[in-house]
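*Asks:*
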């Protein structure tokens, strides 16, 4: 297999072009500039990944700079949390900087601008200033204070600094052009009075610089070569450059460039709205595992590797788009599948009694820790005649497609024996309180006997009642049940809260978990991935559900879509997303004659032309037995890569490589065709 040559994104192209036109790699320096007014969330990971990723690619330093110019909203708690999050993600910054470090320099430069007639003190109210801004089609009007003398402006600015005025009494504005088509250039604010204590400078200042005045100048002071920010700052670039023009000499001049933000379905990205959830007690705090903050994802059991893989898979774009949250869930599922130890836990228990198992006896059975990692070894789990199994794993009467325990049929207990359902005991209300069964003592897993090799279709997990540890299990789900909870102009995002986003139950785990560490991750076999919550104690274990083994929301989404379509015109009612066309074709693909298969392939190819590769990623994880879906995914992947001129990323390469060794010849054939185009 040849070494993958990863294509450059547009920001990397910009850097490469600068290097070819004279910039030295020694002059490259990037920065990540969070405002410490809240916790970082999943949306920030893209900006973090871009700046620190460039640092790694070019062996260039990256500054962590806190844009701390608003003491009304900023706190040391947020500074500490941001540093912890970036470190946890695996990145290291070169210099820790603060815009507040430059308050004196910014003040001195403002004095220069006033002296050169490019800034003035305005004594109007904020409302009046806003009303004079004009519109996108009409110019603004000059402030009556625009032509104050330099001497008067300097004296007023000095008095502002000395605290002689109240908040809102005066502001400092740049004198640019009230008729500029870019409204940000219409005499923007540079300073305002805020009589609040700053988390670093205390009460040294009562005037604070505005973001636009601070941003570019801080970049300049720190010799930042490329100032990368999200797309909403693109209109600010003209002002960024104007401010730099006023103070630039011969040093490195920063270049602002913009990229699309990371937007995620079913997720709120506004710090203000996230703060509302915290303050109103909707969640327990910024690190509530339902929140999209990095600290919450860490507490829920997400890994740095999975988040970095997610950011890498999403890529760097120039246009805004919304990424399905299932891609993030897929990335953590993939990572934990490789690294998390398998254990057994029962979350909705019903008692199972093996009537022919020797009373009072127990044995310790061998269980593999992780089939994906040979070095993970094995452990011992206790087995006895009284067990807990999941209630849903038993039915008194079941159809042919129910492969779990029922009366008169056999299943295997994981790592243990084959059992057969015999009878049930019920309470006065008719609820099953006990299942009685028999076991085949010669059928122990791994014993090599003929009985142990007997083929039974179902395998159940279990825990021995005498040895099980009762634990608090927190079942987390998405916080919102709408794809765009803040996308409805006539409704508050709070209306879309998912009432089932947290369920707390008592489950039972195998005794080997008694010495777990906080945040340690496990796969509860057949149930999903869980980790140890920070509330957990040795005598009161608490586990969080990180993610299920499969994307259960994929089945819910069409229902929600149908409900949302009730008010659409009749001719739009039957339209389905292209990705759903691919899924539908895949379900039929291996069950139709060749002629119909060609028709389905044509449908897949057409649908793939309007699908983003991120939509395919969750399908890489499709069960082996669903070969048709995997074939359809492979066909679509080939079309998307070809049409967009992209190289397959690591997730796609893994999917292709695995398919090349698959038993299904049709899948092998499609995989070979895709692989041949990319030297896989």
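Residue numbers (this note's numbering): 5 to 684.
Backbone N, C-alpha and C define an ideal beta-carbon position, used for all residues, glycine too.
Would you mind working out which of 677, 608, 94, 236 sits nearest residue 216, comparing C-alpha positions?
*Replies:* Ranked by Cα distance from residue 216, the first of 677, 608, 94, 236 is 236.
*Asks:* Quick one: using the 10 Å Cβ neighbour count with 16 as the cut-off for buried, is residue 368 buried or exposed?
*Replies:* exposed
*Asks:* Using DSSP's beta-bridge definition, name the partner residues of residue 388.
*Replies:* 366
*Asks:* Counting pairs of beta carbons, one from the stretch 275-287 and one from the stretch 236-247, are three or more of them closer than 8 Å?
*Replies:* no
*Asks:* Quick check on this structure: which residue in 626, 613, 635, 624 has the alpha carbon closest to the alpha carbon of residue 595?
*Replies:* 635
*Asks:* Given a cut-off of 8 Å, decide if residue 607 and residue 585 are closer than it, judged by their beta-carbon atoms.
*Replies:* Taking C-beta atoms as the reference points, residue 585 and residue 607 count as a pair closer than 8 Å.
*Asks:* Can you tell me the Cα-Cα spacing of residue 542 and residue 174, whole angstroms?
*Replies:* 59 Å
*Asks:* Less than 8 Å between the CB atoms is what I'm expecting for residue 167 and residue 199, so what's the real figure, rounded?
*Replies:* 7 Å
*Asks:* For residue 363 versus residue 389, is the C-beta spacing smaller than 8 Å?
*Replies:* yes
*Asks:* Leaving out five residues on either side along the sequence, give the residues of the same chain with a beta carbon under 8 Å from the beta carbon of residue 516.
*Replies:* 347, 383, 384, 385
*Asks:* Any idea what DSSP makes of residue 415, helix, strand or coil?
*Replies:* Strand at residue 415.
*Asks:* Considering only the beta carbon of each residue, do residue 639 and residue 660 sit closer than 8 Å?
*Replies:* no
*Asks:* Kindly indicate which three-state DSSP category residue 468 falls into: helix, strand or coil?
*Replies:* strand
*Asks:* State the start and end residues of the unbroken beta strand (DSSP E) segment that holds residue 200.
*Replies:* Note, residue 200: premise wrong, no beta strand (DSSP E); not H, not E.
*Asks:* Could you tell me the distance, in whole angstroms, from the CA atom of residue 500 to the CA atom of residue 489?
*Replies:* 6 Å
*Asks:* Run the CB neighbour count on residue 614, radius 10 Å, all protein chains shown included, and call it buried at 16 or more, exposed below.
*Replies:* exposed
*Asks:* With DSSP collapsed to three states, give me the class of residue 434.
*Replies:* Coil at residue 434, not helix or strand.
*Asks:* Evaluate contact between the stretch 66-73 and the stretch 8-26, counting only Cβ atoms and requiring at least three cross-stretch pairs below 8 Å.
*Replies:* no
*Asks:* Quick check on this structure: which residue in 135, 126, 435, 416 has the alpha carbon closest to the alpha carbon of residue 154?
*Replies:* 126
*Asks:* Mind checking who residue 439 pairs with in its DSSP beta bridge?
*Replies:* Per DSSP, 356, 428.
*Asks:* Do you know how far the Cα of residue 41 is from the Cα of residue 84?
*Replies:* 11 Å
*Asks:* When we look at the beta-carbon of residue 307 and count the other beta-carbons within 10 Å, is it buried (16 or more) or exposed?
*Replies:* buried
*Asks:* Is the beta carbon of residue 214 less than 8 Å from the beta carbon of residue 193?
*Replies:* Contact flag set, yes.
*Asks:* Assuming residue 360 and residue 443 are in contact, meaning their beta carbons sit under 8 Å apart, how far apart are those beta carbons, in whole angstroms?
*Replies:* 6 Å
*Asks:* Relative to the alpha-carbon of residue 377, which residue among 680, 341, 162, 241 has its alpha-carbon at the smallest distance?
*Replies:* If we check each option's Cα against that of residue 377, 341 comes out closest.
*Asks:* Is it buried or exposed, residue 589, if we count other Cβ atoms within 10 angstroms and call 16 or more buried?
*Replies:* When all chains shown are included, residue 589 counts as buried.
*Asks:* Between residue 51 and residue 551, what straight-line distance do the alpha-carbon atoms span, to the nearest angstrom?
*Replies:* Each residue's CA atom was taken as its position, placing residue 51 and residue 551 some 25 Å apart.
*Asks:* At which residue ranges does the stretch 100-128 contain complete beta strand (DSSP E) runs of 3 or more residues, listed in the order of the chain?
*Replies:* Complete beta strand (DSSP E) runs here, min 3: 100-102, 123-126.
*Asks:* If you run the structure through DSSP and keep just helix, strand and coil, what is residue 446?
*Replies:* coil
*Asks:* In angstroms, rounded to a whole number, what distance separates the CA positions of residue 473 and residue 548?
*Replies:* 16 Å
*Asks:* For residue 546, name the three-state secondary structure that DSSP assigns.
*Replies:* strand
*Asks:* Are residue 104 and residue 202 closer than 8 Å when you measure CB to CB?
*Replies:* In contact: residue 104 and residue 202 (Cβ atoms closer than 8 Å).
*Asks:* Roughly how many angstroms lie between the CA atoms of residue 290 and residue 33, to the nearest whole one?
*Replies:* 31 Å
*Asks:* Which of the three DSSP states is assigned to residue 667 in this structure?
*Replies:* When DSSP states are grouped into helix, strand and coil, residue 667 belongs to the coil group.
*Asks:* Rounding to the nearest angstrom, what Cα-Cα distance links residue 185 and residue 261 in this structure?
*Replies:* Each residue's Cα considered, the two are about 20 Å apart.
*Asks:* Using only the alpha-carbon positions, how far apart do residue 53 and residue 47 sit?
*Replies:* 11 Å
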